[in-house]
Every structure is written in structure tokens, then in C-alpha cells.
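Here the sequence shown is numbered in this note's numbering, starting from 26 and rising by one per residue.
In this text, a Cβ means the ideal position worked out from N, Cα and C, and glycines have one as well.
Okay, so here's the structure we're looking at.
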Amino acid sequence: MSTETNQTKMVITNKDKELFEAVQLIFGLYLIPIVCIPGLIGNILCIIVFITTSMQRFLTTQFLLFLAILDTIKLSNDLLYSIVLIIQAFDQEFGKKLFLILYRYCHYINTVSTLCAAWLTLFVAIERYVLCSANSQKRLAVQRNSRAICYCIILFSLFLGLPVSFRYEIVPFSTINQTLNDSDSPIRVSKFGSSRFFRVYSIVMDIIRAIIPSVLLFYLNTRIVYLLCRMKSSAGTAFYRLTISLIIIIGCFICCYFPDALLSLVLNMGYIDESYQKRAIREISDFFITLNSAINFLVYFSISYTFRRSILRLFERKTKSYYPTTYADIIQRQRQQQQQQQQQEQQEPLNNIGNMV
26 MSTETNQTKM
36 VITNKDKELF
46 EAVQLIFGLY
56 LIPIVCIPGL
66 IGNILCIIVF
76 ITTSMQRFLT
86 TQFLLFLAIL
96 DTIKLSNDLL
106 YSIVLIIQAF
116 DQEFGKKLFL
126 ILYRYCHYIN
136 TVSTLCAAWL
146 TLFVAIERYV
156 LCSANSQKRL
166 AVQRNSRAIC
176 YCIILFSLFL
186 GLPVSFRYEI
196 VPFSTINQTL
206 NDSDSPIRVS
216 KFGSSRFFRV
226 YSIVMDIIRA
236 IIPSVLLFYL
246 NTRIVYLLCR
256 MKSSAGTAFY
266 RLTISLIIII
276 GCFICCYFPD
286 ALLSLVLNMG
296 YIDESYQKRA
306 IREISDFFIT
316 LNSAINFLVY
326 FSISYTFRRS
336 ILRLFERKTK
346 SYYPTTYADI
356 IQRQRQQQQQ
366 QQQQEQQEPL
376 NNIGNMV
């Protein structure tokens, strides 16, 4: 009986491993580069546009600028994961070593970037709600403190995500064959990662990272839609279009982040320390977070006329000729104008004689 049960477990694990490898091949090796490369280009263009003077008149620009920077970091981190998978497909040993070196750091960067993006998106919704409610004092408060709020969110996320980097440890080479489970990974959960303190920390982290922002964003999004419908006739076209694009971004954030938070909070699902079946599920949920970081540029470009015009100006050729402002060039230009006038005066009598003839 024991041999039969062991054989059935082996068959199940082999099927789960094939399923995980197929999901990892589709999402990690193909879809993530297809999403990340255009997303990186779009976020870099967003950073350039939000730095320019044409977008500085909007109060939301500071939040969107930092959000684009964090999305760029997130997409670069995910693209690095795909590069490691590509290397592992050609050289398995070197790919695994590279995965061991980068995983803990990339896991920390991913946690910090998603936490920052969640709270920046929340403050974008708060700022837009304040603008729609037409409270001048709150507008000035948000405008004056927008950059300080962004810096505080980043510093708080860097500090709060530090315990994540100590969750996993590399298995010593001598004990690899004895400690490997069905995930067949040379990384295991550390004593700190398996402790009750870290479980409480991960629950609090998931609540702060996704549950609280998702609930508040859902409420603020409905209020913004209600206020926008009331003030549609009085709101400007640029304000109205930008608000619509932010509503779509907030809705995409809720749809993409909330399932991943439920997997971490309710089911207590990690990645490396889990079975192949659960790791396949996490590959799909992580892909939606990556997709959320890549679609902001498309939303801005398709809805906001001001953003689209700023993007097109980056690629327009400058046709106007600007004269130099040095003193010698000004004198030379005046001499050229005098010579042109003298030539015209000399040609006028000849033209008069020709007309008479």
C-alpha cells in the first residue's frame, strides 16, 4: 500500500510539475517580456512628459511621476526574471546560480515597489476626490505637500519591506538532497520566515499593501464618478479627461492587486516554498500585477488630450529657426540686411525701365 501511495504521489507531482513548467513558459518566458518591454518604454515616456512644463499645471503630476518611476522599477525587476528563465533554458546550472543570487533581492524590490504603487495610487484617488469636491483649502494642502507625501511613502515602504529579504535562505550544498521538497528548489524558508512573528507580519503587510488600498480605492472611485457626473458641465475638458483616465487606472489596480492579496492573506501562499500547483497560480496572479504596471501609458495616451499632445511634441521636428543672440552675430545680420536693401534699391530703376519698355 505504501509503494502504491508513493507512486500516486509521484504521478501527481510530475503532472503538477509539467503544469507549472507550461504556465511558467507561457507567462514568464513569453508574456512578461511582451508586456514589460513596451511598458518600460511607455513609463519612460511618462517620466519625460511629467517632468516637462506642460504637465506641471496639474496637481496630480507629482504623484503620477513617482508612480511611473516605481512602475519602471517593477517592470525592470520582472523583465530580469524572464531573462534568468531564458538563460536557464540554455544553461541550466548557470541559470539556477543566477536565480539564487537575485531572488531574495528581487523579492524585496518587488514587495517595496508594489507597496509604494498601492499607496501612491490611493493618494492619486484622494487628490482627485479633493479636486472634484471643490475644497480650495484642501487643494492647497495637497499641492504643497505632494512631493513630501511621495517621499514619505517611499521611505516607509523601504523600511516596512526589510523583513521580506530575510524570509528565504540558500540551502547548503551538502544538505540539498536531504531537504528538497516537491518544489525541487535550492532555496528554503528560513527560521525567521517560518516563525509566527513573520506570519503576523505577512498578514499585516498584505492588509497594508492591498486590502486597505483596494477598499478605500473602491469607495473613492465611486465618489469621484458621482462628483464628476455632477460637475461635468462646469469641469474643463482636460480636467474631465484626466479624471476619467485616473478612474480607469484605479479600477485596473483593484482588479489586478486584489486577487494576489487574497492568495497571500487567506491561503498563505508563498512561491518558492510552495508546491508546483500553487506556484503556477502565483505565476498568473503576478502577471496581472505586471500588466497593471504596464498599461498606465496606454490609458493616459488614449484618453488625455494634453498627455497625447505632450507625447507628440517629443517627436516633432523643430522647424523654427532661432537667431543667435551674440553681439557679433547681430552686427553680421544687420550688415546682411543692409546689403539686401542696397541690392533692392539698385534693382528698382532697372525694373522701372523694364516696365516702361
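Taken in chain order, no unbroken stretch of alpha helix (DSSP H) lies wholly in the stretch 90-128 with a span of 4 residues or more.
Between Tyr193 and Arg129, the C-beta spacing is below 7 Å.
Distance from the Cα of Lys216 is smallest, within the candidate group Ile195, Ile228 and Asp231, for Ile195. When C-alpha distances from Ala93 are compared across Cys141, Cys254 and Cys71, the shortest belongs to Cys71. If the five residues before and after Gly120 are omitted, its C-beta is found closer than 7 Å to the C-beta atoms of Val109, Ile112 and Gln113, all from its own chain and listed in chain order. Taking the Cβ atoms as the reference, Gly53 lies roughly 6 Å from Ser107, within the contact range of under 8 Å. Contact between the stretch 57-77 and the stretch 279-286 is absent, with fewer than three C-beta pairs closer than 8 Å. Around the Cβ of Leu337, a 10 Å sphere holds fewer than 16 other Cβ atoms; the residue is exposed. DSSP, reduced to helix, strand and coil, places Ile320 outside both helices and strands of the structure shown, so it counts as coil.
Cβ neighbours of Asp41 within its own chain (closer than 7 Å, five residues either side excluded): Ser300, Tyr301 and Gln302.
With fewer than 16 other CB atoms across the displayed protein chains lying within 10 angstroms of its CB, Arg224 is exposed. CA-CA distance, Asn246 to Ile134, rounds to 28 Å. Setting aside the 5 residues that flank it on each side, Phe91 is surrounded in the same chain by Leu145 and Cys175, each with a C-beta closer than 7 Å to its C-beta; the list follows chain order. Annotation for Gln87: Ser171, Arg172 and Cys175 place their beta carbon closer than 7 Å to its own, counting only its chain and skipping 5 residues before and after. By the neighbour-count criterion, in which 16 or more other beta carbons inside 10 Å mark a residue as buried, Leu183 falls on the exposed side.
DSSP places Arg213 inside the beta strand (DSSP E), whose first and last residues are Ile212 to Val214. Taken atom to atom, the span from the alpha-carbon of Thr136 to that of Arg334 is near 34 Å. When DSSP reads this structure, Ile195 sits in a beta bridge with Ile212. In the same chain as Leu104, and ignoring 5 residues on each side of it, the C-beta atoms closer than 8 Å to its own belong to Ile57, Pro58, Cys61, Ile62 and Leu65, in chain order. Rounded to whole angstroms, Tyr226 and Phe45 show a C-alpha spacing of 28 Å. By the neighbour-count definition (other C-beta atoms within 10 Å, threshold 16), Asp311 is a buried residue. The beta-carbon separation of Phe322 and Gly67, rounded to 3 Å, stays under the 8 Å limit for a contact. Of the residues assessed, Asn317 falls on the buried side of the cut-off, its CB having 16 or more other CB atoms within 10 angstroms.
In the three-state reduction of the DSSP assignment, Thr85 falls in the coil class.
Val155 and Leu271 do not touch by the CB rule: their CB atoms are close to 13 Å apart, not below 8 Å. Taking the Cα positions, Glu118 is about 54 Å away from Tyr265.
In the structure shown, Ser219 falls within a coil segment according to DSSP collapsed to helix, strand and coil.
Tyr325 and Arg360 have their alpha carbons spaced roughly 51 Å apart.
The three-state secondary structure of Thr315, taken from DSSP, is helix.
Put simply, the backbone Cα of Leu140 is about 34 Å away from that of Phe340. For the 7 Å CB-CB criterion, Arg153 and Thr315 do not form a contact.
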